[in-house]
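J.: Would you mind keeping the following structure in view while I ask a few things?
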Amino acid sequence: MGLIHVLDDLVANQIAAGEVVERPAAAVKELMENAIDAGSKKIHIGTRDGGLTLIEVQDDGVGIEPEDVETAFLRHATSKLRELTDLTKMRSLGFRGEALPSIAAVSKVTVRTRTAHSEEGQLLHYEAGQLLERKFIGCSQGTRITVQDLFYNTPARLKFVRSLQTENTHIVDVVSRAAMARPDISFRLQIDDRVAIQTPGDGQLLSAFASIYGLSLAKSTFGLCIESPDYAIAGLLVAPEFARKSRNAMWFSVNGRPIRNIALGNAVLDGYYTLVPKGRFPVVALALSMTPTLVDVNVHPSKTEVRFSEERDICVLLTEAVKQSLKVASGSPVVQSLS
Ligand code: ADP
Ligand code: MG
Numbered sequence: 025m026g027l028i029h030v031l032d033d034l035v036a037n038q039i040a041a042g043e044v045v046e047r048p049a050a051a052v053k054e055l056m057e058n059a060i061d062a063g064s065k066k067i068h069i070g071t072r073d074g075g076l077t078l079i080e081v082q083d084d085g086v087g088i089e090p091e092d093v094e095t096a097f098l099r100h101a102t103s104k105l106r107e108l109t110d111l112t113k114m115r116s117l118g119f120r121g122e123a124l125p126s127i128a129a130v131s132k133v134t135v136r137t138r139t140a141h142s143e144e145g146q147l148l149h150y151e152a153g154q155l156l157e158r159k160f161i162g163c164s165q166g167t168r169i170t171v172q173d174l175f176y177n178t179p180a181r182l183k184f185v186r187s188l189q190t191e192n193t194h195i196v197d198v199v200s201r202a203a204m205a206r207p208d209i210s211f212r213l214q215i216d217d218r219v220a221i222q223t224p225g226d227g228q229l230l231s232a233f234a235s236i237y238g239l240s241l242a243k244s245t246f247g248l249c250i251e252s253p254d255y256a257i258a259g260l261l262v263a264p265e266f267a268r269k270s271r272n273a274m275w276f277s278v279n280g281r282p283i284r285n286i287a288l289g290n291a292v293l294d295g296y297y298t299l300v301p302k303g304r305f306p307v308v309a310l311a312l313s314m315t316p317t318l319v320d321v322n323v324h325p326s327k328t329e330v331r332f333s334e335e336r337d338i339c340v341l342l343t344e345a346v347k348q349s350l351k352v353a354s355g356s357p358v359v360q361s362l363s
C-alpha cells in the first residue's frame with residue numbers, strides 16, 4: 025500500500041503558518057498589509073498580551089464582497105495576482121494568498137466587513153480554520169479582523185514566544201515601519217490600554233517620523249531627495265550625533281513596502297563616512313521609488329527582503345546623496361519645518 029498522501033487543509037495551513045506567522049507581530053504585519061492594499065486611509069491596530077490573546081486590525085478600505093469572504097480564507101486565494109508575470113508589475117504588498125488561511129489555522133478569527141455598495145456587513149467566525157458562524161451585521165465600510173488566542177492549538181509555537189515585552193517591541197517595530205513607509209495613511213496602535221503610535225496620515229514622512237521618534241529627533245533631521253531616470257530616493261537623515269548601537273533604526277521602503285536591506289544600510293553608512301563612529305548606526309528613514317520590474321519582492325514569505333536588479337548602482341547613488349545631503353545641510357539643521 026502507498027505511503028504518500030496529500031495533507032489535509034488544516035495541517036497544510038498550520039505548516040504554512042509556521043513561516044508566515046512566526047510570532048504575533050507577523051500576524052499584525054500581514055493584517056496591516058491587507059488593510060493598506062484595500063486602499064485604507066485610517067488603520068487602527070489593537071493588541072493585548074503581546075498579541076497572544078488579541079490582535080485587532082480595523083480599516084476603512086474597500087471591504088470584501090459577500091461572495092468573496094469565504095474564498096479569502098482558502099489557501100492561495102488572492103485578488104492581487106493571476107499570473108506569475110503579474111509579480112513584475114506588483115504594486116500591492118500581498119500576493120501570496122497565505123495570510124488569512126495561515127492565521128485562521130492557528131487562532132480564532134472573526135472578520136467583519138462591508139463594501140461600499142453592500143447594504144449589510146458580514147461577520148464570519150473561524151476557529152482552527154473551521155468556519156463556525158456566518159451572519160449579516162450592521163457595520164461601517166471596511167474590514168475589521170479580530171484574532172484571538174493566537175497559537176492556542178499549536179503549543180510548540182507558543183513555547184517559542186518570548187516575553188510579552190519582547191513581542192510588544194516587535195509589534196511597535198512593524199507598525200512603525202508601515203507608518204513610515206506610508207505617511208499618507210493614519211496609523212493608530214494601541215497596546216493593551218496604551219496608545220503606542222498615532223500618525224496623522226498627512227503624507228509627510230517627517231510627521232510620521234516625529235510621531236514615532238518625537239519632535240526633538242525630528243528636528244535634527246536633514247532631507248535627502250535624489251532622482252535618476254530609473255529611481256527616486258527621498259527621506260530623512262538624522263544628525264550623526266544621534267547614531268545608535270543597532271541597525272534597527274535604519275528604515276527603508278521600496279514603493280511603499282518596508283524592507284530590510286544590508287546593502288542599502290552599508291551605502292548610507294559609507295555616506296556618513298567618519299561622522300559616525302564604527303559600530304554605530306545613524307537613524308534614517310528613506311523611501312525608494314522605482315519601476316516594479318527593477319525589484320523582486322518574491323524572495324521570502326515575509327516579503328521584507330527584496331532583490332534589486334541594479335543594487336550596485338542604487339547604492340552608489342545613495343552614498344553620494346547622503347554625502348551631499350549632510351554636507352549641504354551642515355549649516356542648516358532643519359530642512360523642512362514642523363508645524
Ligand atoms: P494576499 O494579501 O496575499 O492576497 P491574504 O490571505 O492576506 O492574501 O488575503 C486574501 C484576500 O482577502 C486578499 O487578496 C483580499 O482580496 C482579501 N482581503 C484580506 N484582507 C482584506 C482587507 N482588510 N480589506 C479588503 N480585502 C481584504
Ligand atoms: Mg495579505
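If you count the sequence shown from 1, you need to add 24 to reach the working numbering.
All residues carry an ideal CB built from backbone N, CA and C; glycine is no exception.
From a predicted model like this one, the values you see are computed outputs, not experimental measurements.
1. Is DSSP giving Met114 helix, strand or coil here?
2. I want to check one thing, is the minimum distance from the CB of Ile161 to the heavy atoms of the ligand ADP below 7 Å?
3. Look at the alpha carbon of Asn290 and the alpha carbon of Pro48, and state the distance between them as a whole number of angstroms.
4. Rounded to the nearest angstrom, how far is the Cβ of Gln38 from that of Ala129, given a contact under 8 Å?
5. Pull up the distance between the alpha-carbon of Leu34 and that of Gly118, whole angstroms please.
6. For the beta strand (DSSP E) containing Glu80, name the first residue and the last one.
7. Between Ser131 and Ile169, what straight-line distance do the alpha-carbon atoms span, to the nearest angstrom?
8. Assuming Ser235 and Pro224 are in contact, meaning their beta carbons sit under 8 Å apart, how far apart are those beta carbons, in whole angstroms?
9. Spell out the partners DSSP gives Thr134 in its beta bridges.
10. By the three-class DSSP mapping on this structure, what secondary structure does Tyr255 have?
11. Is it buried or exposed for Ala205, if we count other Cβ within 10 angstroms and need 16 for buried?
12. Just curious, the beta strand (DSSP E) that Ser210 is in, first and last residue?
13. Is Gly87 near the ligand ADP, in the sense that its beta carbon is under 7 Å from a heavy atom of that ligand?
14. Quick one: residues in its chain with C-beta nearer than 6 Å to the C-beta of Ala220, no 5 flanking neighbours on either side, listed in chain order?
15. Report yes if the C-beta of Asp110 is less than 7 Å from at least one heavy atom of the ligand ADP; otherwise report no.
16. In terms of DSSP beta bridges, what is Leu312 paired with?
17. Quick one: what does DSSP say Arg206 is sitting in, helix, strand or coil?
18. As a quick check of your reading: which residues have a C-beta less than 6 Å from at least one non-hydrogen atom of the ligand MG, in chain order?
19. Out of Thr102, Leu155 and Ser164, state which residue places its alpha-carbon closest to the alpha-carbon of His141.
20. According to DSSP, Lys66 sits in a beta bridge with which residue or residues?
21. Between the alpha carbons of Val185 and Gln348, how many angstroms are there, rounded?
22. Gln360 by DSSP, collapsed to three states: which one?
23. Looking at the structure shown, is Thr139 part of a helix, part of a strand, or coil, going by DSSP?
24. At what residues does the beta strand (DSSP E) containing Leu108 begin and finish?
25. Between the alpha carbons of Ala345 and Asn58, how many angstroms are there, rounded?
26. Counting Cβ pairs closer than 8 Å, one from the region 93-104 and one from the region 71-82, do we hit at least three?
27. Going by other Cβ atoms of all chains shown within 10 Å of its Cβ, with 16 needed for buried, is Ile281 buried or exposed?
28. What whole-angstrom Cβ distance do Asn285 and Val319 have, given they're in contact under 8 Å?
T.: Result, derived from the coordinates:
1. Numbered from 1 along the sequence shown, position 90 holds the residue referred to as residue 114. In this structure, Met114 counts as coil in the three-state DSSP scheme.
2. The count along the sequence shown starts at 1 and reaches residue 161 at position 137. No, the beta carbon of Ile161 sits no closer than 7 Å to any heavy atom of the ligand ADP.
3. Taking the sequence shown and counting its residues from 1, one reaches residue 290 at position 266. Taking the sequence shown and counting its residues from 1, one reaches residue 48 at position 24. Distance between the alpha carbons of Asn290 and Pro48: 29 Å.
4. Reading the sequence shown from its first residue, position 14 is the one you call residue 38. Reading the sequence shown from its first residue, position 105 is the one you call residue 129. Going by Cβ atoms, the distance from Gln38 to Ala129 rounds to 5 Å, so yes, they are a contact pair.
5. To locate residue 34, count along the sequence shown from 1; it is residue 10. To locate residue 118, count along the sequence shown from 1; it is residue 94. Between the alpha carbons of Leu34 and Gly118 lies a gap of roughly 21 Å.
6. Here residue 80 is taken as the residue at index 56 of the sequence shown, counted from 1. Boundaries of the beta strand (DSSP E) harbouring Glu80: Leu78 to Asp83, taken from the DSSP string.
7. Here residue 131 is taken as the residue at index 107 of the sequence shown, counted from 1. Here residue 169 is taken as the residue at index 145 of the sequence shown, counted from 1. Answer to the nearest angstrom: the Cα atoms are 12 Å apart.
8. By one-based count along the sequence shown, residue 235 stands at place 211. By one-based count along the sequence shown, residue 224 stands at place 200. With 8 Å as the limit, Ser235 and Pro224 qualify as a contact, their Cβ atoms being about 7 Å apart.
9. Mapped onto the sequence shown, residue 134 falls at position 110. In the DSSP assignment, Thr134 forms a beta bridge with His149 and Thr170.
10. Position 231 of the sequence shown, counted from the first residue, corresponds to residue 255. Here Tyr255 sits in strand by DSSP.
11. By 1-based counting over the sequence shown, the position of residue 205 is 181. Buried, by the Cβ-count rule.
12. As a working note, residue 210 is residue 186 in the sequence shown. Membership of Ser210 in the beta strand (DSSP E) is indicated by the continuous run Ser210 to Ile215.
13. By one-based count along the sequence shown, residue 87 stands at place 63. Shortest gap from the CB of Gly87 to any heavy atom of the ligand ADP: under 7 Å.
14. Locating residue 220 in the sequence shown gives position 196, counting from the first residue. Its chain contains Val196 and Leu213 as the residues whose beta carbon lies nearer than 6 Å to that of Ala220, once the 5 sequence neighbours on both sides are disregarded; these appear in chain order.
15. As a first step, residue 110 is located in the sequence shown; it is residue number 86 there, counting from the start. Because no heavy atom of the ligand ADP lies under 7 Å away, the Cβ of Asp110 does not count as near it: no.
16. Within the sequence shown, residue 312 is the residue found at index 288, counting from 1. Secondary-structure assignment with DSSP links Leu312 through a beta bridge to Ile257 and Val278.
17. Numbered from 1 along the sequence shown, position 182 holds the residue referred to as residue 206. Here Arg206 sits in coil by DSSP.
18. Qualifying residues come out as Glu54, Glu57, Asn58, Gly118 and Ala123.
19. Translated into positions along the sequence shown, residue 141 becomes position 117. The option with the nearest alpha carbon to His141 is Ser164.
20. Within the sequence shown, the letter at position 42 stands for residue 66. Ser210, per the DSSP bridge assignment.
21. Start at 1 with the first residue of the sequence shown, and residue 185 comes out as number 161. Start at 1 with the first residue of the sequence shown, and residue 348 comes out as number 324. Looking at the two C-alpha atoms, the distance is approximately 44 Å.
22. Taking the sequence shown and counting its residues from 1, the one referred to as residue 360 is at position 336. Note that Gln360 scores 43 on pLDDT, short of 50, meaning its location in the model is unreliable; the coordinates nonetheless yield the value given after this. Gln360 sits in coil when the DSSP states are folded into three classes, being neither helix nor strand.
23. In the sequence shown, residue 139 corresponds to position 115, counting from 1. The three-state reading of DSSP puts Thr139 in coil, since its state is none of H, G, I, E or B.
24. On the sequence shown, position 84 is the one that residue 108 refers to. Run containing Leu108: none; DSSP gives neither H nor E here.
25. Within the sequence shown, the letter at position 321 stands for residue 345. Within the sequence shown, the letter at position 34 stands for residue 58. Going from the Cα of Ala345 to the Cα of Asn58 covers about 33 Å.
26. Contact between the region 93-104 and the region 71-82 is absent: fewer than 3 CB-CB pairs across the two stretches fall below 8 Å.
27. Counting from one through the sequence shown, the residue named residue 281 turns up at place 257. Note on identity: in this sequence residue 281 is Arg, with Ile being the wrong assignment. It counts as buried.
28. Your numbering for residue 285 matches position 261 in the sequence shown. Your numbering for residue 319 matches position 295 in the sequence shown. By a beta-carbon distance limit of 8 Å, Asn285 does not contact Val319. Their separation comes to about 10 Å.
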